[in-house]
Amino acid sequence: MTNLKISDKLNFIFWSAVAIGISTIFQVNIAVTLFLIFLCAYLKFMRPDLKKFNLLNLIFLFVIVFAASFVIVRKQISPYYIPFALIPMIATLLFNKLEISILLSLACAVALGSIAGNSFILTIIFLISGSLSSMLVLDARKRSTIIRAGIIVSAVQALALMLLESFKFSMLNQYFIILINGFVSSLVVLGVLPIFEHLFKTVTNVSLLELADFNHPLLQRMILEAPGTYHHSLIVGNLSESACKAVGANALLARIGAYYHDIGKIEKAEYFSENQQELSKHDALSPMMSKMIIINHVKDGAELAKKYRFSPVLIDFILQHHGSSLVYYFYRRALENLEDDQKVLEEGFRYPGPKPSTKETAVVLLADSVEAATRALKEPSPAKIQEVVYKIINNKFIDRQLDECDLTLKDLEKISEVFVRILGGIYHSRVTYPENTSSENHHKKPAKEDSHQSEKDQRSNP
């Protein structure tokens, strides 16, 4: 009878503890939900360009809160095993937006601190860890940067715990756990980052720099099969990167997107002017057939990018770098060859789109058109280059190719200035050096003659 009463009491205590734990978890997650609603409202009305973060917040907050709830409430595992820096690190690397990572850090810190019995110390440590890790990996371009951030966060976490709790030898085990916490978190980030890139259809700076390697198979193919396109893409990349820096867009993303925007030309490189040697292949084709070959490089490029498992973010550069622009040259040829019973529709000579949807893709569209037009100038001068740049950008604006992106008129002015400055340096007129025909050259010794010729070659190729 006595044993039965003891058993009943133990069961009562156990289930009471479970009920309290569940109640705590439930209350905290209601608070997190309210915070999430506030965060989503902030994103929708104050930062509509960050709409992707709504799903991100939902997944991150609830996963971390539910997982940590059971760890802390059951009191069987140290709360310092929780990877405080994991969520802010991933969020920062995925979207490169510090404000969102800080908000996530605050949400997680308050939620986990509440679950742990309104622990002020845990809340402060979580907040320090999350905020610091976000700042350290912001704009990270190397994997070593993430590891270094983890090591620094580990040291700061341990120091914060020692200062807030007052150093105790009895807590050496806790100090060790929190000391390796940040480092382990950084290793986990490196492991799961590709999964999150795929899940959120985005690409990190680390992945972008891997694509910047000129030994990439696609860039190597372009060098060998479409050298003119390769050179054009490099210049477009430099133009796009500088312009994006001027307007506060993602410069690295624009540069890499520009490198690969014309990969669809590889298959039929000889049909594009930058790769043609003498006669144009289009001379033997009808304007309609030529138009189809030119326009299809967009579709071919997207298919090639998918074959190499490119992120949708990069494929957008391929699909959008012409928008719905008119293939004017072949449209004009079609009008010239028009017979009485024929009609030529302008829509039939336009790219299928879509139009650029981001600042980065819009900048690449402008850089692509401007570089090609400037390269075609027979005698480039600063005035001519400026005229071409402003004319191209104005025409794209009038043609409504920029309607779906966030570029402002002020941005377009900054972009124009960058393009004029860089293209002026690339395509400036060169001085023609007169050939030295002095009779004394015929009386010089061969060695000196060779030396003089070498010097003249260097002058004529500055």
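Here the numbering used here runs 1420 ahead of the position in the sequence shown, where the first position is 1. Even glycine gets a Cβ: it sits at the ideal position worked out from N, Cα and C. Just so we're clear, the structure is a prediction, and the values are computed from it rather than from any experiment.
Original post:
Should the segment 1518-1531 be regarded as contacting the segment 1539-1558, the criterion being three or more beta carbon pairs within less than 8 Å?
Top reply: yes
### Query
Beta-carbon separation of Ile1677 and Glu1824 under 8 Å?
As written in the sequence, residue 1677 is Gly, which differs from the Ile given in the question. It is not a contact, given that the beta carbons lie outside the stated cut-off.
- Can you grab the Cα-Cα spacing for the pair Gly1533 / Leu1629, in whole Å? 38 Å
- Query: With which residues is Leu1746 paired in a DSSP beta bridge?
  - Reply: Arg1770
Would you kindly report the start and end of the unbroken alpha helix (DSSP H) that includes Met1708? 1707-1727
* Between which two residues does the alpha helix (DSSP H) containing Tyr1810 stretch? -> 1802-1818
Can you check which of these residues, Phe1589, Ile1571, Asn1695, is closest to Ala1646 by C-alpha distance?
Asn1695
### Message
Give me, in chain order, the residues of the same chain whose beta-carbon lies closer than 6 Å to that of Leu1631; leave out the 5 immediate sequence neighbours on both sides.
### Response
Ile1676
Q.
Quick check on this structure: which residue in Leu1610, Gly1550, Lys1562 has the alpha carbon closest to the alpha carbon of Val1530?
A. Gly1550
* Smallest Cα separation from Asn1625: which of Gly1684, Ala1782, Thr1565? -> Thr1565
**Prompt:** So what's Ile1497 in DSSP terms, helix, strand or just coil?
**Reply:** coil
Where Tyr1847 falls: helix, strand or coil (DSSP):
coil
Item to complete: Would you kindly work out how many angstroms separate the C-alpha atoms of Phe1750 and Ile1567, rounded to a whole number?
Response: 54 Å
Suppose you measure from the CA of Leu1644 to the CA of Gly1684; what does that come to, to the nearest Å? 14 Å
Okay, do the segment 1791-1803 and the segment 1735-1750 touch, 3+ Cβ pairs below 8 Å being the bar?
no
Apply the 10 Å Cβ neighbour rule to Met1642 and answer buried if 16 or more other Cβ atoms are within range, or exposed otherwise. buried
### Query
Quick one, which of Leu1514, Ala1580, Ile1571 has its alpha-carbon nearest Phe1540's?
Ala1580
6 Å Cβ shell around Ile1735 - same chain, five flanking residues per side excluded = Ala1722, Ala1725
Environment of Phe1589 [buried if 16+ CB atoms lie within 10 Å]: exposed
For Val1667, does the three-state DSSP call read helix, strand or coil? helix
_So Val1608 and Pro1508 are supposed to be a Cβ contact under 8 Å. How far apart are they, rounded?_
Not a contact, Cβ separation roughly 13 Å.
- Message: I need the boundaries of the alpha helix (DSSP H) containing Gly1684, first residue and last residue.
- Response: Unbroken run through Gly1684: none, as it is neither H nor E.
| message | Rounding to the nearest angstrom, what Cα-Cα distance links Asn1658 and Ile1548 in this structure? | response | 38 Å
Note to self: Let me confirm a value: Gly1611 is counted as buried when at least 16 other C-beta atoms fall within 10 Å, else exposed. Which label applies?
What the structure shows: exposed
- Item | Expected contact under 8 Å - CB spacing of Leu1790 and Ser1660 to nearest Å | A small correction: the amino acid at residue 1790 is Val; Leu does not occupy that position in the sequence shown. No, Val1790 and Ser1660 are not in contact; Cβ-Cβ is about 10 Å, not under 8 Å.
| task | Report the rounded CA-to-CA distance for Ser1606 versus Asn1593, giving the unit in angstroms. | result | 21 Å
Using a Cβ-Cβ cut-off of 6 Å (strictly less than) and excluding sequence neighbours within five positions of Tyr1771, which residues of its own chain qualify? Ile1715, His1742, Ser1744, Ser1745
Review point. Pick from Met1712, Tyr1501, Ile1597, Arg1841: whose alpha carbon is nearest that of Ser1883?
Key: What the structure shows of the chain is the stretch from 1421 to 1882, and residue 1883 is not part of that stretch, so it cannot be assessed.
Report task. Could you tell me if Lys1876 is buried or exposed, where buried requires 16 or more neighbouring beta carbons within 10 angstroms of its beta carbon? Result -> Only weak support exists for where Lys1876 lies, its pLDDT of 37 falling under 50; the value from the coordinates is given anyway. With fewer than 16 Cβ atoms within 10 Å of its Cβ, Lys1876 is classed as exposed.
Does the Cβ of Gly1550 lie closer than 7 Å to at least one heavy atom of the ligand ADP?
-> Among the ligands in the structure shown, none appear at all, so the ligand ADP cannot be discussed.
DSSP state of Glu1698 mapped onto helix, strand, coil
coil
Between the alpha carbons of Lys1517 and Asn1601, how many angstroms are there, rounded? 24 Å
>> Measuring only the C-alpha atoms, how far is Gln1640 from Glu1687?
In response: 14 Å
Going by DSSP, what residue range makes up the alpha helix (DSSP H) through Gln1577?
1563-1585
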